[in-house]
Structures are given as C-alpha cells and as structure tokens.
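Residue numbers (my numbering): 45 to 512.
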C-alpha cells in the first residue's frame with residue numbers, strides 16, 4: 045500500500061485546521077467607535093466629496109463595509125439603549141430623548157406612550173457581558189443613558205453622563221465626569237488621549253480590553269477648530285457645504301486616528317476588532333444624507349441607515365462590502381460570540397460573525413417602533429409633516445421592501461429600497477399583497493414584544509392648528 049506524500053499530509057492538516065484558525069483563536073480586544081448624528085454619506089468612504097475622513101476610510105479599506113446597516117432609532121438615546129442591550133426599543137422602553145410629547149399639544153392628535161429616560165439597571169449590557177468574560181472595560185464620551193455608566197459594566201469612565209450634548213467642545217468643559225484640560229483643548233482629541241493612556245495601561249498589564257468610544261461629535265453645538273474649518277472655507281461639495289460641520293467631522297476622524305495609531309504602535313491591531321457606526325442620521329439643519337430621504341428624527345432611510353465598518357486584520361477580508369441588512373442590536377450577540385462571552389437569553393439581535401467569514405445568516409425582518417413625537421425645526425428634509433420630524437409610527441424592513449405605518453391616521457407607506465433608495469415612490473396602493481404581508485409581520489412583532497401603540501385621542505389637539 046502506498047503511503048501519502050508529505051505535501052498531501054500538509055494539505056490535509058491545513059484543511060482540518062481552517063475551522064480552528066478563526067474559532068479557536070484568542071478573543072480579540074474590542075474597540076467600538078460610535079459617532080453622534082453622523083449621516084450615511086458623511087464620510088468620504090461613504091461617497092462624500094466634501095468631508096475628509098482618511099482614518100475612518102482606513103477602516104473601510106482594511107475591513108468590511110455594511111451597506112444596509114441600521115440604528116435602532118432615529119435619535120440618540122433609544123439607539124444607544126438598544127446598542128448596549130441587544131434589544132428592540134419596546135423591550136427597554138427608551139423611545140426618545142426626554143419627554144415623548146415633544147412639540148405643541150395642539151398639534152398632537154394622540155397621547156404618546158410613556159418614555160423611560162434612564163436605562164433599566166436589570167437589563168444586561170454589552171459591557172457587563174464582556175466584563176464577565178474577562179475584559180477590562182472603559183467608556184469615553186456620550187453615555188446618555190443615566191447619570192453614570194459605571195454601574196452598567198464599565199471599569200472606567202471619561203466624561204460620560206446623561207447629557208445629550210457637551211456644554212462646550214473646548215476646555216473648560218464644565219463636565220463633572222471629566223477634568224478640564226488646558227484652555228482651548230478640543231474634546232474629541234482629549235477623550236481619545238485619555239483612552240490611549242488607558243489602553244496602554246491595559247496592554248502593560250496584559251489585560252484584554254473593551255473600549256466604547258461614543259463621541260459627542262458631531263452633535264450640536266457646532267464648535268469647530270478654526271484651523272480645520274479653514275480647510276473647508278470656499279470648498280463646495282455635491283451634497284454638503286457646511287465648513288464648521290466638516291471640521292468637526294475631521295476632528296472626530298483625527299481622534300479615530302489616535303486610537304488606530306496606538307494599536308499599530310503596540311502591535312495590537314491584528315488582535316483588535318474595531319467597529320465604527322453612528323446613532324442616527326445627520327441633524328437636518330447642518331447636513332443631510334442625500335441621496336437618502338430624511339435626517340435625524342425621521343424613520344426614512346436618511347434618519348436610520350448608518351455607516352457600519354468592521355476591521356479585524358487577518359480575520360476579516362479587506363475592502364469587503366456586504367449588502368445583508370443588519371441592525372445595531374446585532375452587535376451585542378456578535379461581540380459576545382467573538383469574545384467567548386455568554387450572551388443574555390432572548391436577545392433580539394443575531395450573531396453577525398458568519399458574515400465576516402463570507403457565510404450567510406438567515407433572512408429576517410428588521411423592526412422599529414416609535415410611539416412618540418419629535419418636533420420639527422424648520423429645516424427637516426423629507427418630513428411629510430408641517431410641525432414634526434415624525435409622529436408616532438412603526439417600521440418594518442423585509443428584503444428589499446420597507447413599510448411605515450403612522451399611528452395617527454393609519455397611513456401606510458411602502459418603498460422598494462433596491463429600486464428606490466431615496467423613498468420617493470409610495471407603492472402601497474400598487475402592491476397591496478406586499479403591503480399587507482409586511483403589515484402582518486409588523487403587527488405580529490408588536491404583539492410579541494408587547495409594543496405599546498398610542499390610541500387615545502389628545503383632548504388638547506386643535507384640528508385647524510394641528511392638521512399637517
């Protein structure tokens with residue numbers, strides 16, 4: 045009997061080893077970069093010919109770009125609550141920022157659902173899950189879910205509290221969770237510097253780390269460095285033109301560069317998973333998500349579709365683009381799987397790591413629920429309402445189709461996102477079977493999650509003043 049050749053044996057060994065090269069490697073360090081009010085097209089790697097983001101672009105070049113990635117809501121706090129818990133908004137009850145009855149009472153037809161302004165402490169968070177698996181944890185920036193993030197699983201906090209925006213982007217910051225720096229120090233650079241010191245310390249102690257960096261940028265107030273603003277004065281772009289806003293985006297990008305450069309310096313890049321995304325669309329008064337419709341506060345694509353970049357050198361193929369629809373609730377189960385941590389039971393999100401390896405995940409529907417009101421500011425691109433960015437509504441996306449239901453009058457809007465990503469053509473009347481099937485999926489999901497739908501009429505509503 046002939047013996048197998050040495051090359052054949054080596055080939056067989058490699059085949060047997062392939063599953064373990066990914067699955068049995070040590071858990072990575074994790075850096076989650078979370079922008080504030082950054083729109084889908086607010087990066088040069090996302091198509092902007094105005095904004096300059098070379099460091100964030102590097103993540104796209106060296107990793108994967110998800111082209112159909114979504115935040116959990118169209119504004120700050122609910123997206124962050126879902127990100128941290130892996131749950132849809134009805135499960136944690138954070139639907140908006142502050143009160144749910146924003147806008148004038150005379151304009152609101154319904155009494156909205158009650159909103160929680162603090163994340164329930166009994167819900168396991170991403171930080172707690174990873175901490176139990178041996179990760180050292182830190183947060184720097186806009187926490188926005190309570191007065192202090194430490195009880196939610198973080199070992200260290202730099203500047204995180206309930207605030208939705210900083211008092212100032214320049215020192216003195218007047219932030220009780222962050223010591224002032226030299227006068228004129230810029231907040232994104234300061235937070236990145238604090239995190240770099242923390243990462244260096246963790247590496248010196250050989251500690252695996254999870255860094256959550258929710259930027260205060262690029263939320264209002266628009267306070268930019270003068271030197272960066274000067275680069276954009278007189279420059280024009282296809283969809284963007286605000287020089288100060290561009291300078292704030294570039295300052296955030298430079299802060300991302302600080303983190304990436306440190307990982308390179310410490311030779312940690314190969315064993316560090318880096319994720320970059322944003323909490324909702326851009327503020328309609330200073331930017332836009334064109335060609336997508338809508339902006340922050342709206343459940344059209346411009347309000348909820350986000351940049352979503354993931355880099356893990358040697359594990360994720362560089363310059364990859366994936367069109368599979370994903371949701372930020374997927375990050376907790378994904379990071380738990382990669383970090384070899386035990387994920388909480390009954391999460392709404394799914395593990396995305398098969399996609400990183402080029403494998404599919406089961407097709408599913410994605411949902412949004414907003415039983416509240418968000419007042420308008422006069423420059424709200426794409427809103428069909430005179431007084432609001434949005435009124436109480438529900439949304440489902442399944443495949444290429446997206447359905448929006450407005451609870452005030454039961455109006456249904458159906459869009460084919462493959463053919464019409466700008467959501468210009470409501471196909472509800474033309475495609476009744478698709479409309480009704482998505483509506484059935486939405487109602488079934490609402491029953492499953494016990495989502496509260498406002499039904500009670502507002503006695504203070506005045507038709508002539510409130511009609512849109």
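Just so it is clear, CB atoms sit at the ideal spot from N, CA and C, and this is done for glycine as well.
Practice task
Kindly provide the ranges of any alpha helix (DSSP H) runs that are 4 or more residues long and lie completely inside the region 377–453, ordered along the chain.
Solution key: 397–400
Practice task
Could you pull out every residue in the same chain whose Cβ sits closer than 8 Å to the Cβ of residue 470, ignoring the five residues on either side in sequence?
Solution key: 457, 458, 459
Problem - C-alpha gap between residue 317 and residue 254, whole angstroms - result: 10 Å
Exercise for the section: Would you list the residues sitting across from residue 371 in a DSSP beta bridge? Expected result: 114
Exercise for the section: Might you give, ordered along the chain, the residues of its own chain that have their beta carbon closer than 6 Å to the beta carbon of residue 104, omitting 5 neighbours on each side? Expected result: 89, 353
Problem - Inter-stretch contact (C-beta, 8 Å, three-pair minimum) for the region 117–126 and the region 471–486 - result: no
Practice task
Just confirm the distance between the C-beta atoms of residue 484 and residue 85, as a whole number of angstroms; I'd bet it's less than 8 Å.
Solution key: Not confirmed; about 33 Å, so no contact.
Problem - Counted within 10 angstroms of its Cβ, other Cβ atoms place residue 162 as buried (16 or more) or exposed - result: exposed
Practice task
Could you tell me whether the region 288–295 touches the region 347–364, using the rule of 3 or more Cβ pairs below 8 Å?
Solution key: no
Practice task
Please classify residue 277: does DSSP put it in a helix, a strand, or coil?
Solution key: coil
Practice task
Could you tell me whether the region 150–161 touches the region 357–369, using the rule of 3 or more Cβ pairs below 8 Å?
Solution key: no
Practice task
Mind the definition here: the region 297–305 touches the region 222–239 only if three or more C-beta pairs lie below 8 Å; say whether that holds.
Solution key: yes
Exercise for the section: For the alpha helix (DSSP H) containing residue 237, list its first residue and its last residue. Expected result: 231–248
Handout entry: Cβ-based burial, residue 454 [other Cβ within 10 Å; buried from 16]
Key = exposed
Handout entry: Beta carbon of residue 343 nearer than 8 Å to that of residue 412
Key = yes
Problem - From 175, 218, 186, 211, residue whose alpha carbon lies closest to that of residue 199 - result: 175
Exercise for the section: Would you tell me roughly how many angstroms separate the C-alpha atoms of residue 430 and residue 147, rounded to the nearest one? Expected result: 11 Å
Practice task
Give a yes or no on contact between the region 209–216 and the region 259–270, applying the rule of three or more CB pairs nearer than 8 Å.
Solution key: yes
Problem - Distance, residue 192 Cα to residue 101 Cα - result: 32 Å
Handout entry: Contacting residues, own chain, Cβ-Cβ under 7 Å from residue 243 (five flanking each side not counted)
Key = 253, 255, 306
Practice task
Give, in chain order, every unbroken run of the beta strand (DSSP E) that is at least 3 residues long and sits entirely within the region 449–494.
Solution key: 456–460
Problem - Beta bridge counterpart(s) of residue 501 as assigned by DSSP - result: 154
Handout entry: Length at least 4, wholly inside the region 135–208: the alpha helix (DSSP H) runs in chain order
Key = 170–176
Exercise for the section: Just tell me which of 371, 366, 396 has its CA closest to the CA of residue 380. Expected result: 396
Handout entry: Backbone CA spacing between residue 488 and residue 114 [nearest angstrom]
Key = 21 Å
Handout entry: Same chain, Cβ closer than 8 Å to residue 130, neighbours up to 5 away in sequence not counted
Key = 170, 373, 374, 375, 376, 377, 387, 388, 391, 392, 393
Exercise for the section: Can you give me the Cβ contacts of residue 65 inside the same chain, cut-off strictly under 7 Å, excluding the 5 residues immediately before and after it? Expected result: Because residue 65 carries a pLDDT of 37, less than 50, the predicted location of this residue cannot be relied on, and the following value inherits that uncertainty. Hits under 7 Å: none found.
Handout entry: Cut-off 6 Å between Cβ atoms - residues of its own chain near residue 71, not counting five sequence neighbours on either side
Key = 383, 384
Practice task
Figure out for me which residue from 433, 261, 447 has the closest Cα to the Cα of residue 78.
Solution key: 261
Exercise for the section: Tell me where the beta strand (DSSP E) around residue 316 begins and ends. Expected result: 316–322
Practice task
Kindly list the residues whose CB is nearer than 7 Å to the CB of residue 340, restricted to its own chain and excluding five residues on each side of it in sequence; keep chain order.
Solution key: 81, 118, 119, 324, 325, 326, 327, 328, 347
Exercise for the section: Please report how far the alpha carbon of residue 122 lies from the alpha carbon of residue 133, in whole angstroms. Expected result: 6 Å
Handout entry: Close beta carbons around residue 277, own chain, < 6 Å, minus the five adjacent residues each side
Key = 287
Exercise for the section: Return helix, strand or coil for residue 79, following the three-state DSSP convention. Expected result: strand
Problem - Exposure of residue 270, with buried meaning 16 or more beta-carbon neighbours within 10 Å - result: exposed
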